[in-house]
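Okay, structure first, notes after.
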Amino acid sequence: MSEDQAKQQKEAWFTLSGDVNSDMVHRVFEAVAEMAEDGLETAHVLVQSNGGYVSDGLCLYNFLANSPVDFVMYNGGAVASIAVILFLSGTRRYASETARFMIHKSHATASPGSRPDALNIIVEGLRADDARTESILRKHIELTPEQWGIHQYGDLHLNARDAKNAGLVNDVVDFAPPKGARLRNI
32 MSEDQAKQQK
42 EAWFTLSGDV
52 NSDMVHRVFE
62 AVAEMAEDGL
72 ETAHVLVQSN
82 GGYVSDGLCL
92 YNFLANSPVD
102 FVMYNGGAVA
112 SIAVILFLSG
122 TRRYASETAR
132 FMIHKSHATA
142 SPGSRPDALN
152 IIVEGLRADD
162 ARTESILRKH
172 IELTPEQWGI
182 HQYGDLHLNA
192 RDAKNAGLVN
202 DVVDFAPPKG
212 ARLRNI
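Read in order, the letters of the sequence shown correspond to residues 32 to 217 in this note's numbering.
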């Protein structure tokens, strides 16, 4: 067996798209279980997601960051909201030149006529979610004071070059599985 063939058997290429929710968590759990059983060492994953639920994103971040498989993440289009946290679980991260990232604080919609105690519970939950996600962001990326200011009150958009400057990606590189590699959707 050639060195290239041996390397290909220890790495594989995947796509992961859609909302970050309990369905995605289940799909990722199943896929990583198969990867581990197959003895896979490195998984290259193209992520395409506009976000979803904070708790599901945090679960995926913690699971993938501590998996026996080394995850290399790619953004070929858009990775936004809690999907950015999932993306940060990769030990190496890349983005296509035309890719974008969007980071913002948590938000929720209260039911019309909500009482103050119910609104307080929502606010406490949002603050807790923001503290958890911001600690992960600060662990992995370095934003300018101006960017943190935008993040504080609105949506912070980063193109691939901005993401590289912030350390969100290692380099601006396309997701490009080698010819003959099997591509699987998670």
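Note that CB positions come from ideal geometry on N, CA and C, so glycine has one too.
- D148 has its alpha-carbon roughly 43 Å from the corresponding atom of K195.
- With contacts defined as CB atoms closer than 8 Å, A96 and R215 fail to qualify as a contacting pair.
- Inter-residue distance for S137 and D87 is about 13 Å (C-alpha atoms, whole angstroms).
- Taking a contact to require three or more Cβ pairs closer than 8 Å, the segment 100–109 and the segment 124–131 qualify as touching.
- Note that the C-beta distance between I116 and T164 is below 8 Å.
- S53: member of the alpha helix (DSSP H) spanning 53–68, first to last residue.
- Counting along the chain, the unbroken beta strand (DSSP E) around S80 starts and ends at 73–80.
- The beta-bridge partner set that DSSP reports for Y125 consists of Y105, D202.
- Taking the C-beta atoms as reference points, G83 is found no nearer than 8 Å to F102.
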